[in-house]
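Read through the structure below, which is laid out as structure tokens, and then see the notes.
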């Protein structure tokens, strides 16, 4: 029987270890920061609108007073 597939016999290859140096693509980083900035802005706007709707009865009664449940 081949011992390579038996439990506890696997040995990692020393040359296959992850290196500690990372290379960052500055264009991708800038793009993702823009995406996260827009997502945070959208979340903030959503929170403000939800707070406004929840605090004004004339706004939340048509929404929550419908027969749709």
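Residue numbers (the working numbering): 24 to 92. A virtual CB, placed ideally from N, CA and C, is assigned to each residue, including glycine.
Beta-carbon proximity list for residue i, same chain, < 8 Å, skipping 5 on both sides
| i | result |
| --- | --- |
| residue 75 | 82 |
Collapsed DSSP secondary structure at residue i in the structure displayed
| i | result |
| --- | --- |
| residue 85 | helix |
| residue 91 | coil |
| residue 163 | Absent from the structure is residue 163, since the part of the chain shown begins at 24 and ends at 92. |
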